[in-house]
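**Q** Here the protein sequences come in this chain order: A and B. In this text, residue positions in the first sequence follow this note's numbering: the first is 133, and each later residue adds one. In this text, residue positions in the second sequence follow this note's numbering: the first is 1337, and each later residue adds one. Below is the structure I would like to discuss, written out as structure tokens.
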Amino acid sequence: MDLTEVIDAYLVESEELLRDMEKILLHTESSLPTDDDLNAIFRVVHTIKGTAGMFGFESTVSFTHVVENLLDDLRSHEIQFHPSLTEILLKAKDHLSFLVVAETKGQISNDKISYGLSILEEMKPYLGNKTSTIQTDPIPFGKLVEQTEIGSISENPNLIHKPNPSTLKLSGGIPNYLISFRPNQNVFSHGLDPISFIGYLKKIGTIISLKSIDQFLPGPNQFDPENCYLGFEINFDSKENLETVQKVFNFIEADSFLHIYPPGFSIEDLVDLSNQLPEEEIYLGNVWKEIQILNEQTFLAYLEEIKQRKTGIPSVSSIQSNSKNEPNVSNLSNTTNQDQIKETHKSSTIKVDSKRIDNLINRVGELVVSCANMNQLIGEKEDPNLQESSLVVMRLLNEVREIALKLRMVPIGESFQKYSRIVRDLGKELKKEIRLITEGDETELDRNIVEKLSDPLTHLVRNACDHGLESPEIRSKNGKPEQGTVKLTAYHEAGNVIIEVSDDGNGISKEKVWQKGIEKGIVTGDLPDSEEEVYRLLFHPGFSTASQITNVSGRGVGLDVVYKNIESLRGSITIKSIPNQGSRFLLRLPLTLAIIEGFLVAVGKSHFIIPMEMVLECLHFSDDHKTDSNQFFALRGNLIPFLRLKDYYPCEPTSDQSRENIVIVRQGDKKAGIVVEKLLGEYQTVIKPMGSVFRHVKGVSGSSILGDGNVALIIDVPSLFERTISVENQKQYSHRG
Amino acid sequence: MEQAQTIQTSKEGIEIHWSGYLTVPYIKEWLELSKLWELPKGKKTKLNLGAIERIDSSGIQLLMFLKKRCQTDQQILELHNHSLSVLKVLDLLGLVSFFGDRIKVKKEHSNEVEFRYGTRKVS
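Structural data, given as structure tokens:
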């Protein structure tokens, strides 16, 4: 992995972390943060600081350092959380988002640095007031002294606690945790502070005793103040399990030395540990005696064990204690290794470059095509064994395909989350009370689509807040609650993902939109019955400018851009609106851009694939169905529009003229027919994106290579629908005109 | 916050007042200011930490380093008037006996430090 990849990983990770931070911060607007919330925010800042430190991103490190201090004080309750901190921390989060990206590109202006300082300045009062805010509890009677002096000479009985005698017992092993911590020398430059880890231990237990190891502090000429030379031996008492204690040190790098023995460890374990530590065994024995891990008796046993190991003769006590503590020791060796801790975390989630997943999906796609071909050949052989084997292979391949595709799928909720912030900020800016509701956050969608959906959704959400919702006064006057609602909903429907952006605002006035269309010379005539036809005007490029459209309906600012974006994703967009009740924008998007279940059809020598989830039924296109119109056919008493593929794409005819068949497809609640010559059945197919030259060809979403090497075009049903409708409309307008 | 060092001389020696953050971003700056080992042997230096607003591991490490250097160079370094943030770190890391200074805890801070360990010299 080269540096670029590492930095990319840092960018992705930071983005995810900051998104989490924002989510928690937004939550703190309605209720005070819990300890878990504060820890989570702290972890975000801490992790980014650590990674930024590794790359030497000074601006990020120094900014996060101060933010982290504030968060550290908050999580240790040294200062109280004040609601106004939400705003400041949100600003800090935004600035951090900027810093992370800008510093990787080496583009930080002085303006931005000053802005960062101004945010830190806003934090200052909270840091400065902490002593006055925490001194609310009455001081215990025993401690009511003017001044207490302690030190190496004098001891004050109010402050000095006697050691816990239980720690001096050896039977059954040492009753507390022993934590041996030697931070990596570069720990400061990585933005980490060992004290914060140790301080955090106090939250889950009691530090019985701690010894700071200063053996490796160098002389004046070698002393680099940015290197860490300290180490720590900690006697720690806690009811928490080993995993919880390990979690305290989650962020420490793998190259730091960290060894945690849970209660019950033996003298032999200590000797093992002393072999791994840089200090002398005798020195360590004394340290452990000082921190009450060893007492006089066990200290001697420790020395004895060292001696035995050196001479190679095992002591009786060591054999006994080994057998006694066997389960514990093995347990330790499995769980206390820092690398292994990290390994456990790695196994739950791993980050993979999306290009690798694309490659995998591509290869699986090729495999699907080859297998389809093989299957066809096997089918011709009429060998039952071969056919059975082929079925098994196909089943397994389908499973692999499903898994491969799922690798790219992400819940839409991840991207929904950012709209909470947009809605919050817009609400403040516009002086409106707005509530954002999201539904179907768990709905999964191809990551590529999610990323490209970001801009259009932002546009629609902004529009809903800005123009869709009325001011609180007007809402109140209209008998609505003052707080307006914007809703983001996602769900699956017939192999598509539907995303709805709705509001409970004033709705869109069809009359006004139509009138505007006439004024702009786009349409003529009376208001049509079809509201879809009217709302389609909103997507017309240049139909609206902010000032004009705000006076008309409050909709349409830049909707043509939204439309184009959705179209480029092979999606479609529909608008529904009820006056004074609100508007709904429905985005229909394909589930994935990679592999689809298709229905293979042929017109002459050309092959086409229709996405299976849109196919309702297939019929012989008989005279019974035909009507006088060349645009509609009759099906069980209903008139359904249809088109002939050969009218849209040039198809080389075959010598034998087949009878016509019609494939009835649906999009949403609409049906239409596609007339073809041959129905070739279900076909699993890999979408190959169209080359840039053909990208703008309407009605085709991609191509696929068939088992026999021929190319089939994949029909983009929604776009074909639209094309049919627009042709129809044009005919109607020209007819009216 | 501003990093500042002021030096007062008296018959006993010198007293240095430090104020601000004794933390990673400023630690090099502090080291530059700390020319304690350049003082003549036998000289007593009092380091007044009353205005240290925040101290981290690198800050405490610097103090430990200075203390050891002074001992090697036969100088006397005394830390005094410890601010609460300094006291908390000394308490947490069990470093009271390492520095061996008299420590004064203001009554309003007495429930914030415990000094459960690290207060006695180990032979």
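Glycine included, C-beta positions come from ideal geometry on N, C-alpha and C.
#1: Alpha carbon to alpha carbon, what distance is there between N793/A and K758/A?
#2: Distance check for V645/A and I837/A, CA to CA, integer angstroms please.
#3: What did DSSP end up calling H391/A once you bin it into helix, strand or coil?
#4: From which residue to which residue does the beta strand (DSSP E) around E81/A run?
#5: The segment 1426-1440 of chain B: which residues have C-beta closer than 9 Å to a C-beta of chain A, in chain order?
#6: Measure the beta-carbon distance from V1441/B to V1432/B and round it to whole angstroms, keeping in mind my assumption that it falls under 8 Å.
#7: Is there a Cβ from chain A that is less than 8 Å from the Cβ of G1378/B?
#8: Out of F753/A, I631/A and P722/A, which one is the CA nearest neighbour of S851/A?
#9: Would L771/A be called buried (16 or more neighbouring beta carbons within 10 Å of its own) or exposed?
#10: If you follow the alpha helix (DSSP H) that E607/A is part of, which residue opens it and which one closes it?
#11: How is L374/A classed by DSSP in three states: helix, strand or coil?
#12: Take F313/A as the anchor and find which of K334/A, Q763/A, I306/A and K343/A has the nearest alpha-carbon.
#13: Alpha helix (DSSP H) containing Y1362/B: first to last residue?
#14: Just verifying my parser: in three-state terms, what is the DSSP assignment at I384/A?
#15: Using a 10 Å radius around the Cβ and a threshold of 16 neighbouring Cβ atoms, would you call R1390/B buried or exposed?
#16: State the beta-bridge partners of V193/A as determined by DSSP.
#17: Where does L771/A fall in DSSP's three states?
#18: Please give the ranges of any beta strand (DSSP E) in the segment 1360-1414 of chain B, keeping only runs that are unbroken, at least 3 residues long and fully inside the region.
#19: Look at the alpha carbon of F174/A and the alpha carbon of L589/A, and state the distance between them as a whole number of angstroms.
#20: Taking just the CA atoms, how far does V484/A sit from E400/A?
#21: Should L1398/B and L1358/B be called a contact, given that it needs their Cβ atoms to be closer than 8 Å?
#22: Considering only residues of the same chain and omitting the five flanking positions on each side of G1356/B, which have a CB-CB separation below 8 Å?
#23: Taking 8 Å as the threshold, find out whether the segment 536-552 of chain A comes into contact with the segment 483-497 of chain A through three or more Cβ pairs.
#24: Kindly list the residues whose CB is nearer than 6 Å to the CB of L222/A, restricted to its own chain and excluding five residues on each side of it in sequence; keep chain order.
#25: Would you list the residues sitting across from M541/A in a DSSP beta bridge?
#26: Check N296/A in the structure and name its three-state DSSP category.
#27: For my contact list, F320/A and E358/A are in at a C-beta cut-off of 8 Å; report their separation, rounded to the angstrom.
#28: Helix, strand or coil: how does DSSP classify K1347/B here?
#29: For T218/A, which of helix, strand or coil comes out of DSSP?
#30: Please list, in chain order, the chain B residues whose beta carbon lies closer than 7 Å to that of N201/A.
#31: Name the chain B residues that come within less than 8 Å of H209/A, Cβ to Cβ?
#32: With a cut-off of 8 Å on the beta carbons, I'd call L310/A and F397/A a contact; round off their distance for me.
#33: Compare the C-beta of Q1397/B with all C-beta atoms of chain A and state if any pair is closer than 8 Å.
#34: Taking just the CA atoms, how far does T706/A sit from L97/A?
#35: 8 Å is my cut-off, CB to CB: does P850/A come that close to chain B?
#36: Thinking C-beta only, is A622/A closer than 8 Å to H739/A?
**A** In terms of the structure at hand:
#1: Taking the straight line joining both Cα atoms gives about 12 Å.
#2: Approximately 45 Å, taken between the alpha carbons.
#3: H391/A: strand per DSSP, three-state reduction.
#4: Any question about residue 81/A goes unanswered here, given that chain A covers just 133 to 869.
#5: Residues of the segment 1426-1440 of chain B with a C-beta less than 9 Å from any C-beta of chain A: L1428, L1429, G1430, L1431, V1432, S1433, F1434, F1435, G1436, D1437, R1438, I1439 and K1440, listed in chain order.
#6: By a beta-carbon distance limit of 8 Å, V1441/B does not contact V1432/B. Their separation comes to about 11 Å.
#7: It does not: the Cβ of G1378/B has no partner Cβ on chain A nearer than 8 Å.
#8: Nearest C-alpha to S851/A: P722/A.
#9: Under the 10 Å beta carbon count, L771/A is surrounded by fewer than 16 other beta carbons and is classified as exposed.
#10: A quick correction: the sequence has Arg, not Glu, at residue 607/A. Run containing R607/A: P604 to K609, per the alpha helix (DSSP H) assignment.
#11: Three-state DSSP puts L374/A in a helix.
#12: Closest by alpha carbon: K343/A.
#13: In this chain, Y1362/B is not harboured by any alpha helix (DSSP H), its DSSP state being neither H nor E.
#14: It is coil, neither helix nor strand.
#15: With 16 or more other Cβ atoms within 10 Å, it is buried.
#16: Per DSSP, V193/A has no beta bridge partner at all.
#17: Three-state DSSP puts L771/A in a strand.
#18: Secondary structure in the segment 1360-1414 of chain B: the beta strand (DSSP E) runs of 3 residues or longer, each lying completely within the stretch, are 1380-1391 in chain order.
#19: In a straight line, the C-alpha of F174/A is about 30 Å away from that of L589/A.
#20: The straight-line gap separating the alpha-carbon atoms of E400/A and V484/A is approximately 42 Å.
#21: In this structure, L1398/B sits near L1358/B, with a CB-CB distance shorter than 8 Å.
#22: Excluding sequence neighbours, G1356/B sits near M1337, E1338, Q1339, A1340, Y1362, A1387, I1388 and E1389.
#23: Yes: the two stretches touch, three or more of their Cβ pairs being nearer than 8 Å.
#24: Answer for L222/A: L157, listed in chain order.
#25: The partner list for M541/A (beta bridge, DSSP) reads D578/A.
#26: With a pLDDT of 38 at N296/A, under the threshold of 50, the modelled position of that residue is not reliable, and the figure given next carries that caveat. Reduced to three states, the DSSP call for N296/A is coil.
#27: Right, the Cβ-Cβ distance comes to about 5 Å (below 8 Å), so this counts as a contact.
#28: In the structure shown, K1347/B adopts coil according to DSSP, grouped into three states.
#29: In the structure shown, T218/A adopts helical secondary structure according to DSSP, grouped into three states.
#30: R1390, listed in chain order.
#31: Residues of chain B with a Cβ closer than 8 Å to the Cβ of H209/A do not exist; the shortest Cβ-Cβ separation is about 12 Å.
#32: Here L310/A really is in contact with F397/A; their C-beta atoms are around 7 Å apart, less than 8 Å.
#33: Chain A, which has a Cβ nearer than 8 Å to the Cβ of Q1397/B, makes this yes.
#34: Since the first residue shown for chain A is 133 and the last is 869, residue 97/A is missing from the structure and cannot be characterised.
#35: So no, P850/A is outside the interface.
#36: Inclusion of H739/A and A622/A in the CB contact set at 8 Å is not warranted, their separation being larger than that value.
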